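If you read the sequence shown in my numbering, its first letter stands for residue 466, the second for the next number, and so on.
The beta-carbon is built from N, C-alpha and C at its ideal position, and this holds for glycine as well.
Note that the coordinates shown come from a computational prediction; the quantities given were computed from them, not determined experimentally.
In what follows, a single structure is set out as structure tokens and then discussed.
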Amino acid sequence: MSWSISNELSQDDIDTAFRWISAESYWAKGVPRPVFERSLANSLCFGLRDKGEGLRGFARVVTDKATFAYLCDVFVCPSVRGQGAGKALMQAILEHPELQLLRRWMLVTRDAHRLYARYGFETPQNPERLMVRLDPDIYARLSSGEP
466 MSWSISNELS QDDIDTAFRW ISAESYWAKG VPRPVFERSL ANSLCFGLRD
516 KGEGLRGFAR VVTDKATFAY LCDVFVCPSV RGQGAGKALM QAILEHPELQ
566 LLRRWMLVTR DAHRLYARYG FETPQNPERL MVRLDPDIYA RLSSGEP
């Protein structure tokens, strides 16, 4: 399959990516549209398409473009999984000129570990050094009007 990858997302692309992330992902289900759009505005986004079709994959990278990048919201449309879409998306992300010579990349995922390992991602050597601050109910509170 021939894929094209771009950092420019059309309104249709944004609508599709929002539907995937807010309704189909396990990590951001229920994310409000304004929060999703703010995340796009502050990230380097990637859209994967096949010839003649709409968006087939999406990812974003949160980065300072000097030392660190956090790969997140990676989603490949179920109809093209297993056809090289994830590999093409990862290759384009890692080859992006603004993401070269970074000391550290991170991602958090429960699946596709073999795919990410191909590109040098591994389980942290010292997981006890990693800490996280998570508010799992934030989207539900925002949707209900609570702070």
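Euclidean distance between Cα positions of residue i and residue j
i	j	result
Glu560	Gly495	31 Å
Trp492	Ser471	24 Å
Leu607	Met596	25 Å
Arg568	Ser467	31 Å
Ser490	Gly512	16 Å
Glu502	Pro592	31 Å
Leu520	Phe540	11 Å
Arg514	Ala553	10 Å
Ala531	Glu563	8 Å
Where residue i falls, given that 16 or more other Cβ within 10 Å makes a residue buried
i	result
Thr481	buried
Gly551	buried
Asp477	exposed
Asp538	buried
Leu599	exposed
Arg594	exposed
Arg484	exposed
Nearest to residue i (by Cα), restricted to the options the options
i	options	result
Gln548	Asp576, Leu580, Leu567 and Asn472	Leu580
Asp529	Tyr491, Val500, Asp538 and Gln565	Gln565
Lys516	Leu536, Val545 and Val539	Val545
Gln590	Arg514, Met571 and Pro601	Met571
Ala488	Ser469, Cys542 and Glu473	Cys542
Cβ neighbours of residue i in the same chain (closer than 7 Å, five flanking residues each side left out)
i	result
Ser508	Arg525, Val526 and Val527
Glu587	none
6 Å Cβ shell around residue i - same chain, five flanking residues per side excluded
i	result
Met555	Tyr584
Residue i - DSSP class collapsed to helix/strand/coil
i	result
Ser471	strand
Tyr581	helix
Ala493	coil
Arg521	strand
Leu572	strand
Val539	strand
Other residues of its chain near residue i: CB distance less than 8 Å, five sequence neighbours each side excluded
i	result
Tyr535	Val526, Val527, Thr528, Trp570, Met571 and Leu572
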